[in-house]
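The block underneath contains the structure these notes are about, expressed in structure tokens.
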Amino acid sequence: MDIHTIGKNIKFYRTLKGLTQNELAEGICTQAQISNIEAGKFIPLSTTLFELSRRLGVDMTHFFHEASNPRYDYIQDFIQDVRKHTMNRNYEQVYDLILAEEKNPLFESVDLQQFIFWHKGFSMAYTTKNYEESLKVLFNALNLTYKGKDGYSQEEIQILNAIGVVYDLSGKPHTSVEIYERAIHGTTTIPQLNPKIKVRVYYNYAKAEKSLTNYEKSIYLSEKGIQLCIENELLYLLGECLYQKGYCLILTNQHEKGKKYIQDAIYLFRIEGKLTLAAIAEKQMKEAIGT
Numbered sequence: 001m002d003i004h005t006i007g008k009n010i011k012f013y014r015t016l017k018g019l020t021q022n023e024l025a026e027g028i029c030t031q032a033q034i035s036n037i038e039a040g041k042f043i044p045l046s047t048t049l050f051e052l053s054r055r056l057g058v059d060m061t062h063f064f065h066e067a068s069n070p071r072y073d074y075i076q077d078f079i080q081d082v083r084k085h086t087m088n089r090n091y092e093q094v095y096d097l098i099l100a101e102e103k104n105p106l107f108e109s110v111d112l113q114q115f116i117f118w119h120k121g122f123s124m125a126y127t128t129k130n131y132e133e134s135l136k137v138l139f140n141a142l143n144l145t146y147k148g149k150d151g152y153s154q155e156e157i158q159i160l161n162a163i164g165v166v167y168d169l170s171g172k173p174h175t176s177v178e179i180y181e182r183a184i185h186g187t188t189t190i191p192q193l194n195p196k197i198k199v200r201v202y203y204n205y206a207k208a209e210k211s212l213t214n215y216e217k218s219i220y221l222s223e224k225g226i227q228l229c230i231e232n233e234l235l236y237l238l239g240e241c242l243y244q245k246g247y248c249l250i251l252t253n254q255h256e257k258g259k260k261y262i263q264d265a266i267y268l269f270r271i272e273g274k275l276t277l278a279a280i281a282e283k284q285m286k287e288a289i290g291t
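Quick note: the sequence shown uses full-length UniProt numbering, first residue 1, plus one each step.
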């Protein structure tokens, strides 16, 4: 048994799923153990491997196949670059990366094809504004694995979230809300769901409800996102959820309360280096309050 192969493949699938070592380890083992497994320092127990495979959504046998990822480092670097640019909202760079690699035979597995379609469709919405084509690509990504079965995988929930965002961008918030409702319901059947995924859905769902002027519903969904961040000690999208709630409070004439939430959001944006978001939030708050 090649312990380096096991470690490399666990790291590969962890990266593909967008999980940190801590998130993969939670409830199964320690972060240090994951680090040592990925470094090829020891072979984990079969029970540990089984739990890791469940969280990663792959068959345990994938951990033992060297041939399945012949250019592991190249693929992993590509995935990390796409995720980094997506997180930083650099959608043109994401689109260019995808176009350069989408026909590469290294990316022919179902998981990687889904990753390609998912990020191509989402980045296309921001770069080409061709929402119809963007949705077509995203539904192709979803249908690679979703066959009408009960329940969704973590990846399928994230693709649903992307579909919801594109419907909202295209001026169809009612359809967007329907998609988010499906996504939220789908999260209830996933064991050990990465909480960042649910926070992201709540945030975008809240934005769509604001588009429909359903401010109370948007406030409720934003608060759900905030509570998830607090419960899981996450900064991820906490500022955005605070801002969304604060802005809707202002729109319902709760100015002082709303201003406090937006000020907290601006503080977090500055800590995270999101200076553009901080400036936008400050400007919109002043415009909404009329000061």
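From the three backbone atoms N, C-alpha and C, an ideal C-beta is built for every residue, glycine too.
Spanning the alpha carbons of isoleucine 157 and glutamate 272 requires a straight line of approximately 26 Å.
Burial is judged here by how many other beta carbons sit within 10 angstroms of a residue's own beta carbon; histidine 85 has at least 16 and is buried.
Around the beta carbon of methionine 285, 16 or more other beta carbons sit within 10 angstroms, so the residue counts as buried.
Look at the stretch 100-163 and you find these whole runs of alpha helix (DSSP H), each 4 residues long or longer: 110-127, 131-143. Taking the Cβ atoms as the reference, alanine 206 lies roughly 18 Å from glycine 186, outside the contact range of under 8 Å. A contact is defined here as three or more CB-CB pairs under 8 Å, and the stretch 159-171 meets this definition with respect to the stretch 116-127. Shown here for leucine 238: same chain residues with a beta carbon closer than 7 Å to its own, the five before and five after excluded, namely Ile226, Cys229, Leu268 in chain order.
Under a 10 Å Cβ-count criterion, leucine 160 is classified as buried, with 16 or more other Cβ atoms of the shown protein chains found around its own Cβ. In this structure, valine 110 keeps its C-beta atom at 8 Å or more from the C-beta atom of leucine 97. Between arginine 270 and alanine 278, the C-beta gap is smaller than 8 Å, which places the two residues in contact. When the five nearest sequence neighbours on each side are left out, the beta carbons in the same chain lying within less than 6 Å of the beta carbon of glutamate 240 are those of Tyr203, in order along the chain. If you draw a straight line from the Cα of lysine 17 to the Cα of isoleucine 197, it is about 11 Å long.
DSSP places arginine 55 in the uninterrupted alpha helix (DSSP H) bounded by 46-56. Secondary structure at phenylalanine 42: coil, using DSSP grouped into helix, strand and coil. The continuous stretches of alpha helix (DSSP H) do not include aspartate 59, and DSSP gives it neither H nor E. Exclusion of the five residues before and after tyrosine 72 leaves Lys8, Phe12 as the residues of its chain whose Cβ lies within less than 7 Å of its Cβ. Note that the C-beta distance between threonine 15 and glutamine 80 is below 8 Å. In terms of CA proximity to asparagine 88, Leu275 leads the group Ala288, Leu275, Ala141, Glu287. The C-beta of serine 218 has 16 or more other C-beta atoms within 10 Å across all chains shown, which makes the residue buried. Cβ-Cβ distances below 7 Å link alanine 25 to Gln31, Gln33, Ile34 in the same chain, with the five nearest sequence neighbours on each side left out; the list follows chain order. Looking only at Thr189, Glu231, His174, Glu216, the smallest Cα-Cα distance to valine 199 is reached by Glu231. 8 Å or more divides the Cβ of leucine 193 from the Cβ of isoleucine 163.
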